[in-house]
Amino acid sequence: MNLAKLLIIPLLLFSFRAHSFYTEVGASYSFQREVYGSDYQSKVNQNTAIASLAFYFFSLTGLELSYSWNKLDNLDKTLGRLENDSYLTGNRRILNFQEFGIGVTQYFNSTKALLRPGLGLGFTRRLTKESGYYDVYNDLSGKTTRYDKDTVNTSSNLMYVWVSLKFRIIEGLYLSGSVRTLFAPEKYKEAQNNLKFLVGFSWLF
13 MNLAKLLIIP LLLFSFRAHS FYTEVGASYS FQREVYGSDY QSKVNQNTAI ASLAFYFFSL
73 TGLELSYSWN KLDNLDKTLG RLENDSYLTG NRRILNFQEF GIGVTQYFNS TKALLRPGLG
133 LGFTRRLTKE SGYYDVYNDL SGKTTRYDKD TVNTSSNLMY VWVSLKFRII EGLYLSGSVR
193 TLFAPEKYKE AQNNLKFLVG FSWLF
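Counted from 1, the sequence shown has number 56 at position 44 by the working numbering; the numbering is strictly sequential.
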């Protein structure tokens with residue numbers, strides 16, 4: 013069964029390629045950092061990388077397949093008292109996301125234009141892995157002990173929307189800037205709270 017799937021996927025991709033006007037391969041990246049706390053001792057780092065493959069059947073309209081990797085690392089060093097002689101000195105939460113998406117893309121200029129505005133809409137399957145640890149300082153012993161959190165794996169179905177503007181560097185090669193959001197279909201009002209800004213490149217052939 014697994015071998016059959018491996019054989020079917022390349023055949024489908026070849027079929028898409030054979031009947032499309034052109035194919036686009038793209039990659040985008042985003043990095044966000046936030047430092048907070050009274051002494052700026054805590055921080056949140058978020059890295060996002062997206063790879064996409066799109067097949068255009070109607071010149072400006074295409075089918076897009078995408079893979080996204082996202083890591084959110086939150087280290088909170090705000091002091092908190094647990095017991096008479098114990099203090100919470102560190103709380104780290106690490107979220108690793110993998111997303112497999114399929115959707116439709118629409119551009120509003122030809123491939124020969126200097127600037128190409130576009131948008132995309134689709135569905136994605138998100139796999140989430142959550143881990144982390146606590147640091148607890150004991151005033152009597154003068155030692156800090158680290159307690160690992162249990163790893164939790166979850167999954168969810170989400171919608172994505174992106175808007176992009178591409179600048180043609182040479183024929184077929186584009187520099188892109190985009191805004192992307194993810195949200196649950198029943199919570200579409202939260203789309204504005206999950207905006208992500210990315211830069212990347214794409215190649216048309």
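Using N, Cα and C, we set each Cβ at its ideal position, and we do this for glycine too.
- In the structure shown, K155 adopts extended strand secondary structure according to DSSP, grouped into three states.
- For L170, the enclosing beta strand (DSSP E) covers residues 164-182.
- With a threshold of 16 other beta carbon atoms within 10 Å, N82 meets it and is buried.
- L87: member of the beta strand (DSSP E) spanning 73-88, first to last residue.
- Within the same chain, Cβ atoms closer than 6 Å to the Cβ of T73 are found at Q118, the five residues on either side in sequence being excluded.
- Per DSSP, reduced to three states, the secondary structure at E95 is coil, with no helix or strand assignment.
- The straight-line gap separating the alpha-carbon atoms of Y52 and Y99 is approximately 19 Å.
- If you check the CB distance, G154 and G132 do not come in under 8 Å.
- L170 places its beta carbon less than 8 Å from that of A196.
- In this structure, Y172 sits away from T123, with a CB-CB distance that is not shorter than 8 Å.
- By the C-beta density criterion, W215 is exposed, having fewer than 16 other C-beta atoms within 10 angstroms.
- From the listed residues K201, Y159, F70, the smallest Cα separation to T101 is found for Y159.
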